[in-house]
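Single-structure report; data block below.
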Amino acid sequence: MERVSAFDEPLKKLLGGPTAKVMADHLDLHTVGDLLHHYPRRYEERGRLTALTDLPLDEHVTVVAQVADARVMTFNGGRGRRLEVTLTDGSGRLQLVFFGHGVHKPHKELLPGRRAMFAGKVSVFNRKLQLAHPTYQLLDVRDEDEATEAADAFAGQLLPIYPACKQLDSWRIAKAVDTVLPGAGEAVDPLPASLRDGRGFVSLPEALLKIHRPHTKADVAAARERLKWDEAFVLQVALARRRHSDTELPATARRPVPGGLLDAFDAGLPFTLTDGQRTVTDEIFRDLATEHPMHRLLQGEVGSGKTLVALRAMLRVVDAGGQTALLAPTEVLAQQHHRSITEMMGELAENWGLWREAPLDEGRRPGDGRALGGSHRGTKVVLLTGSMGTAARRQALLDLVTGEAGIVIGTHALIEDKVKFHDLGLVVVDEQHRFGVEQRDALRSKGKQQPHLLVMTATPIPRTVAMTVFGDLETSVLDQLPAGRSPIASHVVPAKDKPHFLDRAWERVREEAEGGHQAYVVCPRIGDDTDEAAEKKGKKRDDAADAADDAEKRPPLAVLDIAAQLARGPLAGLRVEVLHGRMPPDEKDDVMRRFAAGRVDVLVATTVIEVGVNVPNATAMVIMDADRFGVSQLHQLRGRVGRGSAPGLCLLVSEAHEASPARARLSAVAATLDGFELSRIDLEQRREGDVLGQAQSGVRSSLRVLSVIDDEEVIAAAREEAVRIVADDPALERLPELRTALDALLDKDREEYLDKG
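Going by the numbering used here, the sequence shown opens with residue 39, and the numbers climb by one from there.
Here it is as structure tokens:
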């Protein structure tokens, strides 16, 4: 019978059922290895009392302090007893309170002069901070055995404070770690000896001992440096192996065809491509010309021309005999892409004397197709969505299977089994974070061979996150805006503190409309019956940040309510219409077409307009309850204005208190138009596990000490080492320890994510 590694031993076997159950249920710790990788979040020095002056309200804390005084109080005519204990650290004081039968033990032990660790939730009573019924552990005990144990644990060492829970305090976790720490000697070291020795790292068993039971701060630093590398290196090896396996897959090279659609399109462009657009396109074209599938992430600032770059790549593939598919997350965005691409190619059709379809207003339904051919160079651009009519859908499917359609733009409808391509050569995925891995993979599987893949996002991603989350993709960055784009002025409107500021905001909207321009007003909620029911059930808001306390006391503002108020109030006389995700598709398309044509002055909408909507004449945006949105989402919304020659204006309306984190977030958005700077702010304000998890389709992060914010050098160096090692030994046959660590540290879901790409 094969011996179970000490790392794989269930905690129940060593710690007993009750403790193991709490660790499993509340801390997600199941094995010895899990507990050994549950690192202290900070350390207290023996002899240094914990500061009591900055305790966070309503949070669980662990403090080390000395008892200043203790007294028992009676109430209810002597029937009730309360023990009040005052702690001090020389700079601040903290009250402890115990009631009922819980008074007896602490009354005997918490005597003036005694020093102990205390854990509990900070609350306020009579304007004083207090811990009610905290758990505690004496540090200056009188029992000889306990004194010896305390001396062993704390003499000359740092006191580890672990991430804990209400059911299990930090020092109880520390005692559990003591029990399993001998198992650290069997830790499988994932770092090759040459790498470990070359960088002067301690061994993994030594790192685990030092992180849990350090003697000095230098021990902690050495351990954290080593453990950061473990996390960065194992993940980068997995990503490097994924990239390497991609180079082994066959794909059809899509090389340039002189005199084709792309050349004609470029010749007809009424503007010059930016240097950034040329550079990024060259990178994509080089990939398309290889006989292995491209896997590239295109990051583009709002308004930088990602759609133009994608279209040029699509025309390259069509010229080479292949078909292309652009997958959009919503019908509105799919229709917008279809409209933009057909408009961009319209002049091409005219120059070649090709047939052009009737405009939508003359009875054509979206998705009826656009012929750009009649010669061997021609193709069709078609739309495929779930709401299309039967006849239009049947024709679109026929165009795909016969190869008549070289470019198809659609939603999840593209993924259905009945959708067949003649020769799918390129898949473009817009706003990758909105699709599951399975959806992306399902579309790619429709090619005769693996199609090339271009993933686009208008949400700027810090370099460290790109390397960590999208590390299986090569990255191109488009951060240069085309000439002629106007600046966007952004301001926070404190609606509760200064209501006259909101009045002025509506005056500005009216001024823009009277000057011949248009405006968006964005609300977090629709406001119909379905919406109300979801609100009552406590449905969480998508991508909502921690809103200000005052704003949280009422439901988010709704499109239908605000539109009605504006139409009969401050914007009376203007053409005000609504747009939201639950409108019938024909209505949504009709509203967007009329807004794009200038026949609507103010569009009151949900975040359905967040990406892809391009109306250059729209110059103003008012975002209601702006504190309900995340930083990146606000940046995306703001990007809908300032797309023409006239200056843009974005007003962030909020009732959040001036000193709240929500207002600080809005001020940061108003202060810069740099999406990459805002993405860093966004990342700093969120838990890193959330960032990695959302970006990887909900997969749980395995990073514990590595910071994707602060450890860029570690991640970059680990990536270089991983590439070198995988190139030399793709199967890791000579590095069995690394392969074992890879299997252990990357859970099943994460492996599937990496395998699917």
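For glycine and all other residues, C-beta sits at the position ideal for the given N, C-alpha and C. Remember, it's a predicted structure, so these values are computed and weren't measured experimentally.
Sheet register partners of residue i (DSSP bridge)
i      : result
Ile447 : Leu364 and Leu421
Cys561 : In DSSP, Cys561 forms no bridge with anything.
Thr69  : Pro48
His529 : Leu689
Tyr81  : Pro198
Met383 : In the DSSP output, where bridge partners are listed per residue, Met383 has none listed.
Gln133 : Thr124 and Gln168
Nonlocal neighbours in the same chain, by C-beta distance under 8 Å from residue i, ignoring five residues either side
i      : result
Glu615 : Ala601, Val629, Arg632, Phe633, Val638, Val640, Leu641 and Val642
Arg120 : Val110, Met111, Thr112, Phe113, Val135, Phe136, Phe137 and Val141
Ala543 : Val531, Val660, Leu689 and Val691
Phe323 : Pro294, Ala351 and Arg354
Pro56  : none
Neighbourhood of residue i by C-beta distance below 7 Å, restricted to the same chain and skipping five residues each side
i      : result
Phe271 : Pro228, Leu229, Ala756, Glu759 and Ala760
Met662 : Val559, Val560, Cys561, Leu595, Ile600 and Val691
Leu511 : His333, Arg334, Leu335 and Val493
Asp437 : Gly407, Lys418, Val420 and Ala443
Leu349 : Ile379 and Met382
Ala44  : Val70, Gly221 and Glu224
Leu233 : Glu759
Pro768 : Arg279 and His282
Asp216 : none
Gly565 : Ala596, Val597, Leu598 and Asp599
Residue i versus residue j - alpha carbon distance
i      : j      : result
Val419 : Gly306 : 18 Å
Val493 : Leu365 : 10 Å
Thr778 : Arg772 : 12 Å
Lys51  : Leu73  : 13 Å
Thr423 : Lys486 : 23 Å
Leu780 : Leu273 : 8 Å
Gly677 : Thr362 : 27 Å
Val23  : Tyr77  : It is not possible to answer for residue 23, since the shown part of the chain is limited to 39 through 795.
Asp766 : Glu339 : 37 Å
Tyr81  : Ile199 : 6 Å
Val123 : Leu93  : 17 Å
His253 : Leu711 : 47 Å
Leu716 : Ser705 : 11 Å
Leu776 : Pro623 : 52 Å
Ala58  : Leu65  : 10 Å
Pro48  : His68  : 6 Å
His145 : Leu125 : 14 Å
Ser241 : Pro774 : 16 Å
Cβ neighbours of residue i in the same chain (closer than 6 Å, five flanking residues each side left out)
i      : result
Lys534 : Glu693
Val318 : Val347, Ser514 and Leu516
Val651 : Gln374 and Arg678
Glu648 : Gln674 and Leu675
Leu90  : Asp127, Gly130 and Leu132
Glu550 : Ala557, Thr657 and Ala658
Arg613 : Val638 and Asp639
Phe239 : Arg264
C-beta atoms of residue i and residue j nearer than 8 Å
i      : j      : result
Gln556 : Ala684 : no
Asp235 : Leu300 : no
Gln337 : Thr495 : yes
Gly752 : Leu265 : Correcting the residue identity first, residue 752 is Val in this sequence and not Gly. The answer is no: Cβ separation not under 8 Å.
His490 : Ala289 : yes
Gly359 : Thr312 : no
His460 : Thr428 : no
Ile447 : His376 : yes
Pick from the options that is closest to residue i, judged by C-alpha positions
i      : options                           : result
Ala106 : Asp66, Ala496 and Leu148          : Leu148
Met61  : Ser208, Ala44 and Leu125          : Ser208
Leu353 : Gly314, Gln374, Glu321 and Phe303 : Phe303
Arg165 : Tyr174, Arg117 and Leu95          : Leu95
Asp748 : Arg718, Gly55, Gly238 and Phe45   : Arg718
Ala108 : Pro201, Ala658, Arg152 and Ser129 : Arg152
Met155 : Pro201, Val102 and Ala170         : Val102
Ser524 : Ser283, Ala658, Ala261 and Ala706 : Ala658
Arg117 : Leu609, Gln104 and His139         : His139
Thr345 : Ser283, Pro520 and Glu329         : Pro520
Val457 : Glu696, Asp468, Leu435 and Leu776 : Leu435
Lys248 : Gly54, His75, Lys143 and Asp665   : His75
Ser425 : Gly54, Arg620 and Ala231          : Arg620
Leu277 : Ala504, Pro774 and Arg681         : Ala504
Lys536 : Ala702, Asp284, Gly314 and Glu696 : Glu696
Residue-chain proximity (residue i, chain D), Cβ-Cβ < 8 Å
i      : result
Gly359 : Looking for chain D here will not work: only one protein chain is present.
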